[in-house]
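There are 2 protein chains.
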Amino acid sequence: MTKDVTILDVSLRDGSHSVRHSFTEAQVSAAAKGLNAAGVRYFEVSHGDGLGGSSLQYGLSAVDELKLIEAAAAQCTTSEVAVLLIPGIGTKQDLQNAVSAGAKMVRVATHVTEADVAAQHIALGRELGLKTVGFLMMSHMAPVEKIVEQAKLFESYGAEAVYVTDSAGAMLPPDVTARISALKNALQCDVGFHAHNNLSMAMANTVAAVEAGATFIDGSMRALGAGAGNTQTEVMVSVLEKLGYNTGIDLYKLIDTANDVIAPLMQQPQEITAGSLVLGHAGVYSSFLLHAQKAAKQFGVDERDVLMKIGELKAVGGQEDLIYEVAQSLVKA
Amino acid sequence: MTKDVTILDVSLRDGSHSVRHSFTEAQVSAAAKGLNAAGVRYFEVSHGDGLGGSSLQYGLSAVDELKLIEAAAAQCTTSEVAVLLIPGIGTKQDLQNAVSAGAKMVRVATHVTEADVAAQHIALGRELGLKTVGFLMMSHMAPVEKIVEQAKLFESYGAEAVYVTDSAGAMLPPDVTARISALKNALQCDVGFHAHNNLSMAMANTVAAVEAGATFIDGSMRALGAGAGNTQTEVMVSVLEKLGYNTGIDLYKLIDTANDVIAPLMQQPQEITAGSLVLGHAGVYSSFLLHAQKAAKQFGVDERDVLMKIGELKAVGGQEDLIYEVAQSLVKA
Chain P
1 MTKDVTILDV SLRDGSHSVR HSFTEAQVSA AAKGLNAAGV RYFEVSHGDG LGGSSLQYGL
61 SAVDELKLIE AAAAQCTTSE VAVLLIPGIG TKQDLQNAVS AGAKMVRVAT HVTEADVAAQ
121 HIALGRELGL KTVGFLMMSH MAPVEKIVEQ AKLFESYGAE AVYVTDSAGA MLPPDVTARI
181 SALKNALQCD VGFHAHNNLS MAMANTVAAV EAGATFIDGS MRALGAGAGN TQTEVMVSVL
241 EKLGYNTGID LYKLIDTAND VIAPLMQQPQ EITAGSLVLG HAGVYSSFLL HAQKAAKQFG
301 VDERDVLMKI GELKAVGGQE DLIYEVAQSL VKA
Chain F
1 MTKDVTILDV SLRDGSHSVR HSFTEAQVSA AAKGLNAAGV RYFEVSHGDG LGGSSLQYGL
61 SAVDELKLIE AAAAQCTTSE VAVLLIPGIG TKQDLQNAVS AGAKMVRVAT HVTEADVAAQ
121 HIALGRELGL KTVGFLMMSH MAPVEKIVEQ AKLFESYGAE AVYVTDSAGA MLPPDVTARI
181 SALKNALQCD VGFHAHNNLS MAMANTVAAV EAGATFIDGS MRALGAGAGN TQTEVMVSVL
241 EKLGYNTGID LYKLIDTAND VIAPLMQQPQ EITAGSLVLG HAGVYSSFLL HAQKAAKQFG
301 VDERDVLMKI GELKAVGGQE DLIYEVAQSL VKA
């Protein structure tokens, strides 16, 4: 018996980080055409930090994301365009604009303990007739019970699927199995999983998620994404096929798109560098890396010790000052 | 309870493929110094195809491998230098020369069904006082019973460990678990595992091997190796540590060596390209890729179809003519 898995490609959203938000309409159009031809059900297009992310703080987009969404939607005959919305970065107006540009799915993303900030955005997604999904970022930081509680909130707001998101690439397969299984037991809606490859475990974590019952899985072509990148979509199609799952995707057409459209636009390879490995080892979000490097330099300590300590302290976005305090404390110790 | 795992780094041997056999004494010396400082027990130095591999057919080495072995051995206070020997490529004289240059371990490699050609080389390794290991290449091509039979041959010749080697990066964790468990049951000697990352499963396969009882594991810094590369050694140390294993390796020192010595000498990133993915998917050895591309071009067919068919036919080294016959047959079909 083959089981169906729905793959959502995030090359044109998470990959935005990796190309410093430089996507052009021509690039997005070519990638969208290939994803549609390959039979990928959904693919995501937005700034790396979601709708409204283009800013000095998160990086300016070369091209307005609404134009990119329009360019993508124009290529879709069977695929549909998804957008990411992080409340606090993107607004409800941004979502309405994205829908006018052709978006058919919204994924509302919050820190793993803060699903409650997403209630209105989930409700709006449903009102607008979108496929509406909750996205629990940095899921490695919360115990299973907390994730179940937060996912139930998302479901209660109207989410049709809830994702476990390993933003830091810090999970190992048993962590994934525990979280996905618990959500499958606790929720009526679909369960999804989004991986990063900092510990070289994105593919294994993805397989663990599918085996535990996840039916929505993210990937990106050539692994294009933040940090060490994501689960590589075209490789995932091969692996899932070998394991007896049905993705509905034409492997050759997807390989062609990865090879002919994505590979040429990459600004650096998606390798596991010293920085991305330590982020995954410590379980720290990638946006902290530059601060840790600066703080380490300022106080003459090893940036890896700073990141390890930040991981222990479970720091979250907004606590960047803590990084400097940690570096200072390492001097004294 | 922590369990001990012995990591063998192959950056300076499998990585030779990735840098087209261009290693210099200075590069090898710097890498060896770092590996020794990090506490890596063994590391391998030879042409990518083992001792004597430097040739027009397999690629000429820029520097005589004996000089590279000497340069590596000169840096060792606790680490020991291993060499790979593929009977038919390297000779018994090559092994004696390598020992004179400072090698302390030999790994004798054969196709998974041909361990019998290694009897004399294993015996010589023991005679010379080397740590002596058997290495079953393309292990995905043989059923478990065949691998057990071949590994027992290696043990009967005197091998102190036998490796399951996933040369094509075609295995998934259940394949690894089945093979390693069977060898653990059938052999008295140690069992090892060597991965390639064509299906993005090198790390997961490595963990599966360790969990099934393998005590020798190969890796390469920055994944430097043939095809999509190997299990990334510094990432493996992080992952095994998280899972409660003791590698005896200093993670920071290994990261430094990967970052400061290996990264700068890489000629291309160790990504999973269209070519390496299809090789892994089809289970075909990387040396067939160029032939498949040529044959596909000559007959106007898709090189991927050629590789898939070659995989089905279980072609082995020496059967390169078959590739052209397959391409021709695809035209007719």
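If you read the protein sequences in the order shown, they are chains P and F.
Its first residue numbered 1, the first sequence is counted upward by one per residue in UniProt numbering.
Its first residue numbered 1, the second sequence is counted upward by one per residue in UniProt numbering.
Built from N, CA and C at the ideal position, the CB exists for glycine as well.
These figures come from a predicted structure and were not determined experimentally.
Quick check on F/Ser220: does DSSP put it in helix, strand or coil? strand
Could you confirm whether any beta carbon from chain P is found closer than 7 Å to the beta carbon of F/Asn259? yes
Under the rule that 16 or more other beta-carbon atoms within 10 Å means buried, what is F/Lys3, buried or exposed? exposed
Rounded distance between the beta-carbons of F/Ser29 and F/Ala71, thought under 8 Å: 5 Å
CB-CB under 8 Å to P/Ile69, same chain, minus the five flanking residues each way: which ones, in chain order? Val45, Ser46, Val81, Val83, Ala98, Ala101, Gly102, Ala103
Below 8 Å between beta carbons is the criterion; list the residues of the segment 69–93 of chain F that meet it against any residue of chain P, in chain order. none
Please report the straight-line C-alpha distance between P/Phe154 and F/Tyr285, rounded to a whole angstrom. 47 Å
CA-to-CA distance, P/Ser61 to P/Ala74, given in whole angstroms: 20 Å
Over the uninterrupted beta strand (DSSP E) stretch that includes F/Asp190, give me the two end residues. 190–194
Label P/Asn197 either buried or exposed according to how many other C-beta atoms from any shown protein chain fall within 10 Å of its C-beta, with 16 as the threshold for buried. buried
Using the DSSP secondary-structure output, state which residues sit across from F/Met137 in a beta bridge. F/His111
What first and last residue would you give for the beta strand (DSSP E) that runs through F/Ile89? Where F/Ile89 is concerned, there is no enclosing beta strand (DSSP E), given that its DSSP letter is neither H nor E.
Inspect the beta-carbon positions of F/Leu85 and F/Val108 and report whether they are closer than 7 Å. yes
How about F/Ser267: is its C-beta nearer than 7 Å to some C-beta of chain P? It is Gln, not Ser, that sits at residue 267 of chain F in the sequence shown. Cβ-Cβ to chain P under 7 Å: no for F/Gln267.
Provide the residue(s) that pair with F/His161 in DSSP beta bridges, ordered along the chain. As written in the sequence, residue 161 of chain F is Ala, which differs from the His given in the question. Beta-bridge pairing links F/Ala161 to F/Val133, F/Asp190.
What does DSSP give as the partner residue(s) for F/Leu8 in the beta ladder? F/Tyr42, F/Asp218
Whose Cβ in chain P lies nearer than 8 Å to the Cβ of F/Ala204? Pro173, Met201, Met203, Ala204, Val207
Using alpha carbons as the reference points, say which of F/Gln96, F/Ile249, F/Gly229 lies closest to F/Arg41. F/Ile249
Backbone secondary structure at P/Gln293 - three-state DSSP: helix
P/Thr177 and P/Ala208: beta carbons closer than 7 Å? yes
Neighbouring residues, chain P, relative to F/Lys242 (Cβ below 7 Å): Leu172
CB contact check: F/His281 to chain P, cutoff 7 Å: yes
Neighbour flag for P/Ala274 against chain F, beta carbons, 7 Å: yes
What number of angstroms, rounded off, separates the C-alpha of P/Phe135 from the C-alpha of P/Ala115? 9 Å
Counting contacts by CB-CB distance shorter than 7 Å, is P/Glu271 in contact with chain F? yes
My guess is that P/His111 and P/Met137 are in contact by the Cβ rule of under 8 Å, so how many angstroms apart are they, rounded? 6 Å
Determine which residues of the segment 288–311 of chain F have a Cβ less than 8 Å from any Cβ of chain P, and write them out in chain order. Asp302, Arg304
Let me check one thing: in DSSP terms, what residues is F/Tyr245 bridge-paired to? F/Lys3
Could you tell me the alpha carbon to alpha carbon distance between F/Met105 and F/Phe299, rounded to whole angstroms? 46 Å
Any idea if P/Glu312 is buried or exposed, counting beta-carbon neighbours within 10 angstroms, 16 or more meaning buried? exposed
Are the beta-carbon atoms of F/Pro173 and F/Ala204 separated by less than 7 Å? yes
Between the segment 6–20 of chain P and chain F, which residues of the former have CB atoms less than 7 Å from a CB of the latter, in chain order? none
Runs of beta strand (DSSP E) wholly within the segment 18–65 of chain P (minimum 3 residues, chain order): 42–44
Applying the 10 Å Cβ sphere with the 16-neighbour rule, what's the burial state of P/Ala26? exposed
Which residues share a DSSP beta bridge with F/Ala82? F/Glu44, F/Met105
Within chain F, partners of P/Val235 - CB distance below 7 Å: Leu199, Ser200, Ile272, Leu277
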